[in-house]
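Student: Note that the protein sequences, when read in sequence, are chains A and B.
27 is the number of the first residue of the first sequence in this note's numbering; add one for each residue after it.
59 is the number of the first residue of the second sequence in this note's numbering; add one for each residue after it.
Encoded as structure tokens, here's the structure I'll be asking about.
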Amino acid sequence: MYKDICQKYTPTKDNLIYILHDIQDSHPQNYVSEEAVEEVADYLKIPVNHIYGVLTFYTMYSTKPRGKYVIRLCESPPCYLRGSTNILKKLKELLKIKAGETTTNGLFTLELCACLGLCGNAPVMMINNDFYGDLNDDKVENIINKLQETEV
Amino acid sequence: MKYFRNLILIETNESSIQKGSKEIFQALKKELMNKDLTDEINVLETGSLGLFGEGVCAVVYPDNIVYCNLTLDDIPELIEEHFVKGRVLTRLVMKKTVRNDIPLGYEKRIVLKNSGVINPENINDYLGVQGYEAWEHALLKKKPEEIVEIVKASGLRGRGGAGFPCGLKWSFTSSIESENKHVVINADEGEPGTFKDRLIMEGDPHKLLEGTMITSYAVGAHTAYIYIRGEYKLCIERLQKAIKQAYDYGLLGKNIFDTGYNLDVYLRIGAGAYVCGEETALIESMEGNRGNPRNKPPYPGQAGFQQYPTVVNNVETVTNIPSIILKGADWYKNIGTPESPGTKVFTILGDVDVPGLCEVEMGTTLRTIINRYGGGMKQGSRFKAALVGGAAGIFIPDEMLDVKMDFYSLAEYKAILGSGAILVMDNSVNIADMLESIIRFFRHESCGKCMPCSNGNEMLYRSIKAIKRGEADESELDKMVIIAETMHKTSFCALGQSLLLVVKSAIENFKDDFLTYLRNRKAVNN
């Protein structure tokens, strides 16, 4: 099933990053599975352990299944100064999970990340491909509620 | 060609999209259609005006009025008042007097000149402001060596953090005979507090592209890559459009302007790693590896991407190039200071009244930047410190506020210009807390290749934790400085080396903040 994705790229190692991005984005659980790694290794003729090395190096990749919505809250100094710790508390409370975990209904994964380059709107988080800035408790609650509602 | 009586430019970038600029853009279009004004008034998207915390902003030309905090409900009134009745809707005009003449004249804009003025998604807009003239001039009238000499003479220094003379860097690569050379633009902006490159790419992608083209021609490269961090979706989108338009207009591709010169530009997308801002780590990442830095020498200029000579430049650096080529090295040298010519884009954030970005001449004092462009401190708060140069920067106390912001003056204070981030903190902030956040950042981003950095960060983190818990005494502070010094001397790349400045400046200038934690604990114990 991952063959189609691989074949969009020439089989050279410098395409690894893009293939992994594509595979992860295509998976409903936002991760790169063992099976996918095998197929990519086969396609690019590179060792499986090289791929795991790359996957675990970059923060955007995951080797374990994640929620439909991956929340990445910035904890770098500018967001920290603007209260990202409180936002983290609020998110944990709302979702009833800790950072790095996924909700039991498979909807949300909470992650912490480094500077997202939107410091003018700190504190900031990303949910999948979208930025959410100028966060406060109410705003966070609204965002999460809205996403939850669309799923019902 | 169609002529419009008025032009409305809506600021759209990742920040303003947060505030609903896309919806307002659509609403304006709809309202103009309702009022049958679409032949008279044009509405376009543009790059950053340099303001944050002012909601969605729009500029009206030629009246040159900035409206801000726009909401969907305001649109009918705005159109009716300003464009039908011809009266300025004062209720929505920007109140902040310090910045009311934005975007014209107040700053010294070279890199961001077109941001907030043209539509970044339309090449014709860029062509209308002398866009690609420098490219044409360089390719038709100048030899590559001449371009290198002009840039050398201009004194342009790298804007990514290290400040290496740009022309000199080019000359290493241009003089090498090789079947293949590359240019890589470093757009992997990850320094906390820095988003200048994002705003350049969102506001004027064509200018970056033109700079990239001239750089490639000067060093004799036929392929150029722009390496953007994966999170910058809007930059990626706008640059993809810009590249396509440039190909369509024959500005890229084979036999450009019938000179026989070929050039291809590709985008490369990162996957989230701060260390990839280091040029050799970036190249590793482009080759499909973990972003571990390489041994230097050989420098990328000799053996970089796929072992071919590769020039790696920062976005802001190359965006300066078109203006230098058009106006000459002497013009550029007269801006800024003799040792650090040109302008610098700063991002001002934290406890200031108007967070945002500004492009000013090198050598402008920190005080001026904070007071004039950041609007001064937030109401009711007093300045305590500014973290200058990103997470790997330096904490500047009150006494040093008059430091001139250029490579040379900052070096006198053992400080660095870094990425141009200025994070302002008021007196409610404890610097020990900030330092903890900074060390946590480095601990997470250390790539693990060399022992001093991976262990050193862990040790620093444990120390600061112990101090905050009050489980240490004052000697722990000296220990932290010694660890950071060791890391500075022995780490493999700049990531581990750069903690010294931030750790030392925090402890030396704000020792009391650390002692507070230690004292509190002692008080509890007694």
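Note that CB positions come from ideal geometry on N, CA and C, so glycine has one too.
The structure presented is a predicted model; accordingly, all values stated were derived computationally and were not measured.
Is there a Cβ of chain B sitting closer than 7 Å to that of M182 of chain A, yes or no?
Tutor: What is shown of chain A runs 27 to 178, which leaves residue 182 of chain A out entirely.
Student: Please tell me whether E247 of chain B and G143 of chain A are closer than 7 Å, where the distance is taken between their beta carbons.
Tutor: Against a cut-off of 7 Å, the Cβ pair of G143 of chain A and E247 of chain B comes out as a contact.
Student: To which residues does DSSP link G386 of chain B through a beta bridge?
Tutor: Answer is none; G386 of chain B lacks a bridge partner.
Student: Run through DSSP, which three-state label would K116 of chain A get?
Tutor: Looking at K116 of chain A - three-state DSSP - the assignment turns out to be helix.
Student: For M151 of chain A, which beta-bridge partners are listed by DSSP?
Tutor: A:L99 and A:Y158
Student: Measuring straight from C-alpha to C-alpha, what distance separates I170 of chain A and A473 of chain B?
Tutor: Roughly 42 Å between the two C-alpha positions.
Student: Given a cut-off of 7 Å, decide if N92 of chain B and F62 of chain B are closer than it, judged by their beta-carbon atoms.
Tutor: no
Student: Which two residues bound the contiguous alpha helix (DSSP H) that contains M545 of chain B?
Tutor: S533 to T548
Student: Take the Cβ of M538 of chain B as the centre, count every other Cβ of all protein chains shown within 10 Å, and call the residue buried at 16 or more, exposed below.
Tutor: buried
Student: Below 8 Å on the Cβ atoms is my contact criterion, and I expect G174 of chain B with E69 of chain B to pass it. Report the Cβ-Cβ distance as a whole number of Å.
Tutor: 7 Å
Student: If you follow the beta strand (DSSP E) that Y285 of chain B is in, where does it begin and where does it stop?
Tutor: In the DSSP assignment, Y285 of chain B falls within the unbroken beta strand (DSSP E) covering T281 to I286.
Student: Buried or exposed: where does D262 of chain B fall if 16 or more other Cβ atoms within 10 Å of its Cβ makes it buried?
Tutor: The residue in question, D262 of chain B, is buried, as its Cβ has 16 or more Cβ neighbours within 10 Å.
Student: When you compare each of B:S556, B:L459, B:R498 and B:G221 to M483 of chain B by their alpha carbons, which one comes out closest?
Tutor: B:L459
Student: Pull up the distance between the alpha-carbon of T96 of chain B and that of K118 of chain A, whole angstroms please.
Tutor: 49 Å
Student: If you follow the beta strand (DSSP E) that H240 of chain B is in, where does it begin and where does it stop?
Tutor: H240 to A245
Student: My guess is that V333 of chain B and I452 of chain B are in contact by the Cβ rule of under 8 Å, so how many angstroms apart are they, rounded?
Tutor: With 8 Å as the limit, V333 of chain B and I452 of chain B do not qualify as a contact, their Cβ atoms being about 20 Å apart.
Student: Would DSSP call P399 of chain B helix, strand or coil?
Tutor: If DSSP states are grouped into helix, strand and coil, P399 of chain B belongs with the strands.
Student: Using beta carbons (cut-off 7 Å, strictly below), is R348 of chain B in contact with chain A?
Tutor: yes
Student: For H76 of chain A, tell me which candidate among B:E534, B:L518 and B:G346 has the shortest Cα-Cα distance.
Tutor: The shortest C-alpha separation from H76 of chain A is found at B:G346.
Student: Does the pairing of the region 347 to 360 of chain B with the region 200 to 212 of chain B give three or more beta-carbon distances under 8 Å?
Tutor: no
Student: Apart from the five residues on each side of it in sequence, which residues of its chain come closer than 6 Å, Cβ to Cβ, to P223 of chain B?
Tutor: R215
Student: Are the region 460 to 470 of chain B and the region 406 to 423 of chain B touching by the rule of at least three beta carbon pairs closer than 8 Å?
Tutor: yes
Student: Of all the beta strand (DSSP E) runs that stay within the bounds of the region 121 to 191 of chain B, which reach a length of 3 or more residues?
Tutor: Taking only runs of at least 3 residues, the beta strand (DSSP E) segments lying wholly in the region 121 to 191 of chain B are 123 to 125.
Student: Mind pulling the chain A residues with CB within less than 8 Å of E249 of chain B?
Tutor: Within 8 Å of the CB of E249 of chain B, the CB atoms of chain A belong to C141, in sequence order along the chain.
Student: Express the C-alpha separation of R92 of chain A and T85 of chain A in angstroms, rounding to a whole number.
Tutor: 13 Å
Student: Taking 7 Å as the threshold (beta carbon to beta carbon), is L518 of chain B in contact with chain A?
Tutor: no
Student: Which bits of chain A does T252 of chain B rub up against, with CB to CB less than 8 Å?
Tutor: C141, G143 and C145
Student: Quick one: is S102 of chain A near chain B, going by C-beta distance under 7 Å?
Tutor: yes
Student: Could you list the residues in the region 152 to 169 of chain A with a C-beta less than 8 Å from some C-beta on chain B, going in chain order?
Tutor: M152, N155, F157, Y158, G159 and D160
Student: Going by beta-carbon coordinates alone, are L292 of chain B and E260 of chain B separated by less than 7 Å?
Tutor: yes
Student: Buried or exposed: where does N71 of chain B fall if 16 or more other Cβ atoms within 10 Å of its Cβ makes it buried?
Tutor: buried
Student: Tell me, to the nearest whole angstrom, how far the beta carbon of A443 of chain B is from that of F568 of chain B; I am working on the premise that it is less than 8 Å.
Tutor: Taking the Cβ atoms as the reference, A443 of chain B lies roughly 7 Å from F568 of chain B, within the contact range of under 8 Å.
Student: Applying the 10 Å Cβ sphere with the 16-neighbour rule, what's the burial state of F363 of chain B?
Tutor: buried
Student: According to DSSP, what are the bridge partners of K462 of chain B?
Tutor: B:T423
Student: Does F315 of chain B come out as helix, strand or coil in the three-state DSSP assignment?
Tutor: Reduced to three states, the DSSP call for F315 of chain B is coil.
Student: How about E345 of chain B: is its C-beta nearer than 7 Å to some C-beta of chain A?
Tutor: For E345 of chain B, a Cβ of chain A is located within less than 7 Å of the residue's own Cβ.
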